[in-house]
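These notes concern the structure reproduced below.
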Amino acid sequence: MDITAILHDCCPDGETGYAVTCAEFPEANGQGETPQAAIENLREAIRDIIAYRRDEVRKFLVASDRIEVIAA
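Throughout, our numbering is defined as the position within the sequence shown, counted from one, plus 92.
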């Protein structure tokens with residue numbers, strides 16, 4: 093699965109600091125002193141969102157439901 097990361101330079105005046113947002117998960121964002129750190133922070137946020145959603149769905153499963161984990 094490909095995720096679109098949109099990198100924003102928060103300090104164009106020469107300071108360091110980047111923010112990154114995500115087209116597929118608009119509630120996810122990351123930040124860091126380098127682009128790589130900001131993107132890794134975004135990855136963690138997306139993992140957290142997916143885990144939360146998975147946990148929420150499992151609350152409503154019944155015994156006859158079958159769970160399959162797939163990789164996209």
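Virtual Cβ for every residue (Gly too), placed ideally from N, Cα, C.
Given residue i as reference, the closest of the options once Cα atoms are compared
i	options	result
C103	R146, Q123, E119 and R135	Q123
E116	F152, R158 and A97	A97
V161	L153, V154, K151 and R146	R146
Contact set for residue i: own chain, Cβ-Cβ below 6 Å, skip 5 residues either direction
i	result
T166	No information on residue 166 is available, as it lies outside the stretch 93 to 164 that the chain covers here.
I131	A97 and V112
Chain D contact for residue i (CB, 8 Å cutoff)
i	result
P118	Judged by its chain identifiers, the structure shown contains no chain D, having just a single protein chain.
Beta-carbon proximity of residue i to residue j, cut-off 8 Å
i	j	result
P127	Y144	no
A163	I141	no
C114	L99	no
I138	I95	yes
N-terminal and C-terminal residue of the alpha helix (DSSP H) that residue i is part of
i	result
L134	P127 to R150
Extent of the continuous beta strand (DSSP E) run through residue i
i	result
T113	Y110 to C114
D157	First-last for D157: undefined, no H or E at that position.
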